[in-house]
Ligand code: SF4
Ligand code: SF4
């Protein structure tokens, strides 16, 4: 994927509309860490006026890639795309840190990942306190680099390992494939299990394609374009083997859904043949809440359940769901039948996850970005926080733990499955 930095940089009229809402600018008030500043710098680099030195690397790695600026900019200038591309140049110049290379290797080799995580899970209780209900784990003692941060749980067996490929729920007409996403496959497996329960209640047959690979998002945001290229090509080839046999491919994770629906084609834009093949696939790809709301009777089904007391829930909009895919009404519409939805002051504000680099080398930024989010969540007095995204869950679960607030995170599909179970 080649991107003309100069064009985007010159097209920026410096109006500044995007600046006050920029996630990094809010916590690092400096023109260089604003969308306008980033665009100016990428333009300067393209013109040969800015060398990509360590200082420039540090600046470009501070962007959260939240796309808030793109959604606000009157001409939707793709600051996110410019930064993703420049991170590729940075990765080529400086290399990628060893632990990220290991992680991306595992993402490319699912069987090795399955084995390593399964092995690791046996030793976890020695080092971590495990909270099965929250699907998280916390170091028993402060560890180098990570302190006592809350991590997503590592399960002995992944979701895909636990189930057979074909699940018959009695439908003669509907069959969906699940693209699970790494968070729901390895860590927050209750999300994917809940989706299976919901599809069972709706009597919709399910295909669990076992050879699905990571969508490539973590590598894309880090500049490892070789990994992204491999993962997209392998997935496209595999998806084509079952595409005609299913009505849809549904995804319970906002980041994976946005990566597949928006970024795969952008990434492959110079390969016309591949772009066509991707287009055919993405026409059938939906976020889970979107498909369940628009294409099934779930909303009606949920209205007819008998729930005596509606628990209060506040819903956070993942950037990749609301800003990129415009999905925000659907999860609320499914939840509001059985939950008391209390909106926080700005559900659309980025949680501050930011990707692998911010979660590892620049975690202080993630912590700072989460602070105002936690305050607005607490103001709702909701005991349950929900979002259709594993990355937001990881970031916000940690922020809740830091704050000591009495709030549990539950994916909307978990909440829906819970009320179905109660009425079962
Ligand atoms: S993607 Fe987010 S953090 Fe990056 S420049 Fe745009 S608004 Fe700021
Ligand atoms: S809103 Fe768009 S045109 Fe205005 S400063 Fe931001 S990126 Fe530039």
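In our numbering, the protein residues as written are 118 to 541. C-beta: ideal position from N, C-alpha, C; glycine also. Keep in mind it's a predicted model, so treat the numbers as computed, not measured.
When only Cα atoms are considered, residue 323 and residue 316 end up about 8 Å apart.
By the 16-neighbour rule on beta-carbons within 10 angstroms, residue 269 is buried. Taking a contact to require three or more Cβ pairs closer than 8 Å, the region 526–541 and the region 460–476 do not qualify as touching. The C-beta of residue 132 has fewer than 16 other C-beta atoms within 10 Å across all chains shown, which makes the residue exposed.
Shortest gap from the CB of residue 474 to any heavy atom of ligand 1: 8 Å or more.
Going by beta carbons, residue 176 and residue 149 fall inside the 9 Å limit. With distances taken between CA atoms, residue 345 lies nearest to 201 out of 201, 447 and 233. Annotation for residue 392: 382, 385 and 386 place their beta carbon closer than 7 Å to its own, counting only its chain and skipping 5 residues before and after. Boundaries of the beta strand (DSSP E) harbouring residue 254: 253–256, taken from the DSSP string.
The beta carbon of residue 318 lies closer than 6 Å to those of 537 in the same chain, with the five residues before and after it left out. A Cβ-Cβ distance of about 7 Å is found for the pair residue 140 and residue 469, placing them in contact under the 8 Å criterion. Pairing residue 510 with residue 192, the inter-Cα distance amounts to about 31 Å. Inclusion of residue 191 in the 8 Å shell around ligand 2 follows from its C-beta lying nearer than that to a non-hydrogen atom of the ligand. Between the region 230–239 and the region 269–278, the count of Cβ pairs shorter than 8 Å is three or higher; the stretches touch. In the three-state scheme derived from DSSP, where H, G and I count as helix and E and B as strand, residue 246 is classed as strand.
When DSSP reads this structure, residue 283 sits in a beta bridge with 324. CA-CA distance, residue 399 to residue 336, rounds to 20 Å. Nearest C-alpha to residue 203 among 471, 341, 407 and 499: 341. When only Cα atoms are considered, residue 517 and residue 307 end up about 20 Å apart. Take the alpha-carbon of residue 156 and the one of residue 171: they are about 18 Å apart. In this structure, residue 224 has its CB at a distance of at least 8 Å from all heavy atoms of ligand 2.
Boundaries of the alpha helix (DSSP H) harbouring residue 399: 389–399, taken from the DSSP string. Using a cutoff of 8 Å, the CB of residue 269 does not count as near ligand 2, since none of the ligand's heavy atoms is closer than that.
As a beta-bridge residue in DSSP terms, residue 294 pairs with 324 and 366. Under the three-state reduction of DSSP output, residue 457 falls in the strand class. Taking 8 Å as the cut-off, one finds no heavy atom of ligand 2 near enough to the beta carbon of residue 140. Residue 525 sits in a strand when the DSSP states are folded into three classes.
DSSP places residue 431 in the uninterrupted beta strand (DSSP E) bounded by 428–432. Excluding residues up to 5 positions away in sequence, 468, 469, 470, 483 and 487 lie with their Cβ nearer than 7 Å to the Cβ of residue 512 in the same chain. As the crow flies, the alpha-carbon of residue 415 is around 54 Å from that of residue 168. The alpha-carbon separation between residue 515 and residue 267 amounts to approximately 5 Å. Checking the DSSP bridge columns, you'll see residue 493 has no partner listed. By the Cβ test, the region 443–456 is not in contact with the region 345–358, since fewer than three Cβ pairs between them sit closer than 8 Å.
Between ligand 1 and residue 187, a heavy atom-to-CB distance of less than 8 Å is present.
Secondary structure at residue 146: coil, using DSSP grouped into helix, strand and coil.
With a threshold of 8 Å, the Cβ atom of residue 182 counts as near ligand 1, since some heavy atom of the ligand is closer than that.
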